[in-house]
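Asks: Just dropping this structure here.
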Amino acid sequence: MKSFVKLLMLSVLFSALVAACAGTNAKIASREYVLTTEMKDGNLVFLGVSDEINGQANPTLSAKPGEVITVTLINGGMGQHDITFTGINAATEMVKEKGEETSVTFTVPVTAGELEYYDSVSNHAELGMKGIISISADEPIAADVQSTTNTDPSQAPVIAAFDKGMCGTCHAISGIPNAKGAVGPDLTNVPASAQDHFNSGKYSGSAKTAEEYILESITKPDVFLAPTCPTGPCTAGVMPATLSQTLNPDELNSIVQYLNSLPAGAFSDSSASGSTAAPEVVATPAPATGADIVRDPADLPAPIGVREPTTVVINLEAVEVEGQLADGTTYTYWTFNEVVPGPFFRVRVGDTLEVHMKNKTGSVMNHSVDFHAVTGPGGGATMTQTKPGEETMFTAKAINPGLFVYHCATPMVANHISNGMYGLILVEPEGGLPPVDREFYVMQGEIYTAGKFGVQGHQATDMDKLLGENPEYFVFNGAVGSLTTQKPLKANVGETVRIFFGVGGPNFTSSFHVIGEIFDRVFDQASLTSNPLTDVQTTLVPPGGATMVEFKLEVPGRYILVDHALSRLQRGLAGYLIVEGPDAPEIFNGTPMPGSGH
Numbered sequence: 128m129k130s131f132v133k134l135l136m137l138s139v140l141f142s143a144l145v146a147a148c149a150g151t152n153a154k155i156a157s158r159e160y161v162l163t164t165e166m167k168d169g170n171l172v173f174l175g176v177s178d179e180i181n182g183q184a185n186p187t188l189s190a191k192p193g194e195v196i197t198v199t200l201i202n203g204g205m206g207q208h209d210i211t212f213t214g215i216n217a218a219t220e221m222v223k224e225k226g227e228e229t230s231v232t233f234t235v236p237v238t239a240g241e242l243e244y245y246d247s248v249s250n251h252a253e254l255g256m257k258g259i260i261s262i263s264a265d266e267p268i269a270a271d272v273q274s275t276t277n278t279d280p281s282q283a284p285v286i287a288a289f290d291k292g293m294c295g296t297c298h299a300i301s302g303i304p305n306a307k308g309a310v311g312p313d314l315t316n317v318p319a320s321a322q323d324h325f326n327s328g329k330y331s332g333s334a335k336t337a338e339e340y341i342l343e344s345i346t347k348p349d350v351f352l353a354p355t356c357p358t359g360p361c362t363a364g365v366m367p368a369t370l371s372q373t374l375n376p377d378e379l380n381s382i383v384q385y386l387n388s389l390p391a392g393a394f395s396d397s398s399a400s401g402s403t404a405a406p407e408v409v410a411t412p413a414p415a416t417g418a419d420i421v422r423d424p425a426d427l428p429a430p431i432g433v434r435e436p437t438t439v440v441i442n443l444e445a446v447e448v449e450g451q452l453a454d455g456t457t458y459t460y461w462t463f464n465e466v467v468p469g470p471f472f473r474v475r476v477g478d479t480l481e482v483h484m485k486n487k488t489g490s491v492m493n494h495s496v497d498f499h500a501v502t503g504p505g506g507g508a509t510m511t512q513t514k515p516g517e518e519t520m521f522t523a524k525a526i527n528p529g530l531f532v533y534h535c536a537t538p539m540v541a542n543h544i545s546n547g548m549y550g551l552i553l554v555e556p557e558g559g560l561p562p563v564d565r566e567f568y569v570m571q572g573e574i575y576t577a578g579k580f581g582v583q584g585h586q587a588t589d590m591d592k593l594l595g596e597n598p599e600y601f602v603f604n605g606a607v608g609s610l611t612t613q614k615p616l617k618a619n620v621g622e623t624v625r626i627f628f629g630v631g632g633p634n635f636t637s638s639f640h641v642i643g644e645i646f647d648r649v650f651d652q653a654s655l656t657s658n659p660l661t662d663v664q665t666t667l668v669p670p671g672g673a674t675m676v677e678f679k680l681e682v683p684g685r686y687i688l689v690d691h692a693l694s695r696l697q698r699g700l701a702g703y704l705i706v707e708g709p710d711a712p713e714i715f716n717g718t719p720m721p722g723s724g725h
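Have a look at this one:
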């Protein structure tokens with residue numbers, strides 16, 4: 128029985144610790160707000176439904192310092208959502224089904240100002256789902272639990288998570304003078320170590336219950352057990368490891384959340400030029416795994432050949448999917464038919480296109496399609512603004528031959544394109560194209576992530592980078608490594624190849640080049656009825672444009688597809704054409720040397 132009671136107490140202790148770090152309070156809320164999710168003027172918003180905010184999009188919520196409030200979220204039926212509050216480690220649960228609701232109750236910080244609330248689901252905040260809580264300058268409402276902060280620099284509390292198990296001056300933290308020599312805590316041992324210390328004769332505090340002890344211990348080091356210095360003893364007072372290497376992600380995030388819950392001025396650093404701001408601690412995100420969104424470059428329909436004009440049905444579905452952008456990094460792609468680029472369509476001059484545009488149930492956004500091959504308002508976009516769970520349709524005649532881009536054209540258009548909504552349609556001239564041995568489908572795009580290139584974890588869209596035309600990634604067929612380690616182009620010596628190449632963009636022109644090859648024929652700007660350029664090294668393709676290149680393979684080896692603005696190679700933009708077959712020493716001969724960039 129004693130073991131059962133102790134186990135129960137440990138669970139209570141751990142729960143109390145989490146609540147204390149989050150700044151939560153068990154009092155009944157004095158104010159409640161109710162919000163639902165809604166689409167308004169083409170954008171996702173939080174819509175107020177309780178009395179004082181009824182009908183307001185992303186309403187400003189009012190509160191007094193120290194007040195306890197409850198915020199309830201109701202899912203309006205457009206994907207999954209939550210409400211997260213910055214700076215106080217408070218958030219609702221995720222609501223996934225229409226009509227599902229959830230609530231969170233928390234204590235408002237005691238300092239006047241503003242707190243942001245937002246939807247933490249990828250891209251939702253950037254798409255408009257955010258607002259503020261305005262905290263008045265009234266006297267703070269008295270709290271039941273004494274604040275864990277002290278603005279007197281001489282009495283600045285030691286952050287227990289950074290104090291126990293000191294090792295020289297390892298990890299001294301700017302802005303927290305008492306937190307030096309910090310080795311991170313082993314939070315899995317918090318309940319046991321708290322219970323042991325509370326029961327020991329060493330405890331001299333005023334707590335009468337385990338819960339009170341946990342609250343008190345937030346500002347004391349004794350409750351925490353630190354792991355051994357991970358990289359050996361300190362040398363010259365400095366441990367050779369970074370904080371992110373010392374702590375696992377869960378431990379580090381717990382500390383980040385606690386620090387973020389404290390108001391500015393909670394600590395004072397006499398060595399930091401009088402700065403009183405709490406330090407910013409950034410957790411290292413864990414590697415992430417997502418769906419394969421890469422279009423195989425060999426995935427395209429066969430040539431049409433000679434036939435009479437007919438009606439061709441084109442089926443597109445907008446699907447929003449968390450996909451693999453790079454090793455350990457995911458991104459929420461908006462796709463046509465779940466891959467990037469969308470399907471390659473092949474028709475002939477004179478065909479009638481019957482375009483069906485679906486938007487998958489559960490999508491967050493409206494989507495549409497604009498075919499550059501279509502003569503008519505918006506290229507079809509005016510007819511296909513499609514809500515989640517719905518379908519639209521239009522017809523158009525293909526009256527001009529060429530290789531044309533299509534893309535989503537729902538505002539903000541650049542955002543939809545950069546998230547992966549682009550593809551190519553080939554309108555063959557009468558009689559078709561001359562035969563070749565192999566055809567490939569490649570498109571170039573840009574991705575604007577909040578994290579820098581190579582940062583792992585799930586990445587959201589950074590709208591400022593998008594508007595500033597400052598992408599973190601340049602990609603072929605949607606992802607880093609798409610056409611190198613994943614799905615390279617493959618052919619044989621003696622074969623002729625044709626590459627249908629387009630730029631989704633939305634912003635950058637490509638200088639398309641295949642290292643070690645010369646294009647025998649380039650159909651500049653994808654004009655298929657003009658005489659091709661011959662013997663071309665590199666060809667320009669603008670965003671929203673395309674080209675068709677052809678060449679014969681004479682030497683085996685690995686040929687690298689690039690944009691010859693070669694800095695983009697370092698941001699993910701490369702593909703391989705792997706050619707197998709007999710050597711041709713009369714054309715190319717030599718001994719490979721180490722150190723080549725190719």
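Take the sequence shown: its position 263, counted from the start at 1, is 390 in the numbering used here, and no numbers get skipped.
Glycine residues also receive a C-beta, built at the ideal position from the N, C-alpha and C atoms.
Please read these numbers as outputs of a predicted model, since none were measured by experiment.
(1) How would you write the range of the beta strand (DSSP E) that leucine 616 sits in, first residue to last?
(2) Apart from the five residues on each side of it in sequence, which residues of its chain come closer than 6 Å, Cβ to Cβ, to alanine 711?
(3) Following the continuous beta strand (DSSP E) through arginine 446, name the residue where it begins and the one where it ends.
(4) Just to confirm the assignment: which complete beta strand (DSSP E) runs, minimum length 3, are found wholly within the stretch 144 to 224?
(5) Bridge partners of serine 665, per DSSP?
(6) Which residue from Glu444, Arg685, Asp168, Val668 puts its Cα closest to that of valine 532?
(7) Going by C-alpha to C-alpha distance, which of Ala577, Glu465, Met492, Thr187 sits closest to glycine 550?
(8) Between which two residues does the alpha helix (DSSP H) containing lysine 734 stretch?
(9) Does the pairing of the stretch 470 to 489 with the stretch 440 to 451 give three or more beta-carbon distances under 8 Å?
(10) Start and end of the beta strand (DSSP E) containing valine 563?
(11) Within 10 angstroms of the Cβ of methionine 548, are there 16 or more other Cβ atoms? Answer buried if so, exposed if not.
(12) Would you mind giving the Cβ-Cβ distance between alanine 525 and glycine 558, rounded to the nearest angstrom? I have them listed as a contact below 8 Å.
(13) Check the DSSP bridge columns for histidine 585 and list the partner residues they point to.
(14) According to DSSP, what are the bridge partners of arginine 695?
(15) Determine the DSSP secondary structure at aspartate 423, reduced to helix, strand or coil.
(16) Run through the DSSP bridge pairs and tell me what glycine 759 is partnered with.
(17) The beta strand (DSSP E) that contains valine 540, what's its start and end?
(18) Do leucine 553 and phenylalanine 627 have their CB atoms nearer than 8 Å?
(19) Roughly how far, in whole angstroms, is the beta-carbon of glycine 581 from the beta-carbon of glycine 605, given that I think they are within contact range, below 8 Å?
(20) Exposed or buried, isoleucine 260, counting other C-beta atoms within 10 Å across all chains shown (16 or more means buried)?
(21) Report yes or no: do the stretch 646 to 659 and the stretch 601 to 619 share at least 3 C-beta pairs separated by less than 8 Å?
(22) Using 8 Å as the threshold, is the C-beta distance between leucine 188 and glutamate 228 below it?
(23) Can you give me the start and stop residues for the alpha helix (DSSP H) that lysine 679 sits inside?
(24) Can you tell me where the beta strand (DSSP E) holding leucine 551 begins and where it ends?
(25) Give me the Cα-Cα distance between serine 177 and valine 569, rounded to the nearest whole angstrom.
(26) For arginine 475, which residues does DSSP report across the bridge?
(27) Take alanine 239 as the anchor and find which of Tyr686, Thr666, Lys191 has the nearest alpha-carbon.
(28) Within 10 angstroms of the Cβ of valine 317, are there 16 or more other Cβ atoms? Answer buried if so, exposed if not.
(29) Do leucine 452 and isoleucine 574 count as a contact pair if the criterion is CB distance below 8 Å?
(30) Using the beta-carbon count (16 or more within 10 Å), is threonine 100 buried or exposed?
(31) Tell me which residue opens and which closes the beta strand (DSSP E) that lysine 592 is part of.
(32) Is the beta carbon of valine 446 closer than 8 Å to that of serine 609?
(33) Which residues does DSSP list as the beta-bridge partners of aspartate 497?
(34) Nearest to asparagine 619 by alpha carbon, out of Asp246, Lys579, Val563, Ala673?
(35) What's the call for valine 649, buried or exposed, on a 16-neighbour Cβ count within 10 Å?
(36) Quick one: Cα of alanine 218 to Cα of alanine 415, how far?
Replies: Concretely, from the data shown:
(1) Its beta strand (DSSP E) spans residues 616 to 619.
(2) Excluding residues within five positions, the ones whose Cβ falls inside 6 Å are Glu681, Val682.
(3) It should be pointed out that residue 446 corresponds to valine in this sequence rather than to arginine. From DSSP, the beta strand (DSSP E) with valine 446 extends over 438 to 453.
(4) Segments of the beta strand (DSSP E) lying fully in the stretch 144 to 224: 158 to 167, 170 to 175, 188 to 190, 195 to 201.
(5) A small fix is needed here, since residue 665 is threonine in this sequence, not serine. Its beta-bridge partners are His640.
(6) Measuring C-alpha to C-alpha distances from valine 532 to each of Glu444, Arg685, Asp168, Val668 identifies Val668 as the nearest.
(7) Cα-wise, what sits closest to glycine 550 is Glu465.
(8) Outside the shown range of the chain (128 to 725) lies residue 734, about which nothing can therefore be said.
(9) The stretch 470 to 489 vs the stretch 440 to 451: in contact.
(10) Note, valine 563: premise wrong, no beta strand (DSSP E); not H, not E.
(11) So methionine 548 counts as buried.
(12) With a Cβ gap of about 15 Å, alanine 525 and glycine 558 do not count as contacting.
(13) Answer is Thr457.
(14) Paired residues: none, contrary to the question.
(15) Under the three-state reduction of DSSP output, aspartate 423 falls in the coil class, being neither helix nor strand.
(16) Nothing about residue 759 can be read from this structure; the chain reaches only from 128 to 725.
(17) DSSP places valine 540 in no beta strand (DSSP E) but in the uninterrupted alpha helix (DSSP H) bounded by 540 to 545.
(18) It is a contact, given that the beta carbons lie within the stated cut-off.
(19) That belief does not hold up - the Cβ atoms of glycine 581 and glycine 605 are roughly 17 Å apart, past 8 Å.
(20) Under a 10 Å Cβ-count criterion, isoleucine 260 is classified as buried, with 16 or more other Cβ atoms of the shown protein chains found around its own Cβ.
(21) These segments do not touch.
(22) Going by C-beta atoms, leucine 188 is not nearer than 8 Å to glutamate 228.
(23) Looking at the DSSP string, lysine 679 is not in any alpha helix (DSSP H); the run it does join, the beta strand (DSSP E), is 673 to 679.
(24) 549 to 555 is the span of the beta strand (DSSP E), which, as asked, contains leucine 551.
(25) When rounded, the distance between both Cα atoms is 51 Å.
(26) Per DSSP, Glu555.
(27) Looking at the Cα atoms, Lys191 is the closest of the given residues.
(28) A caution first: valine 317 carries a pLDDT of 46, below 50, which makes its placement in the model unreliable, though a value can still be read off. Its Cβ being crowded by 16 or more others within 10 Å, valine 317 is buried.
(29) Contact: yes.
(30) An answer regarding residue 100 cannot be provided, because it is not within the stretch 128 to 725 covered by the chain.
(31) Annotation for lysine 592: no beta strand (DSSP E) segment contains it, though the alpha helix (DSSP H) segment containing it runs 590 to 594.
(32) Result no, Cβ atoms of serine 609 and valine 446 do not sit closer than 8 Å.
(33) The partner list for aspartate 497 (beta bridge, DSSP) reads His534.
(34) The option with the nearest alpha carbon to asparagine 619 is Val563.
(35) Within 10 angstroms of the beta-carbon of valine 649 lie 16 or more other beta-carbons, which makes it buried.
(36) CA-CA distance, alanine 218 to alanine 415, rounds to 22 Å.
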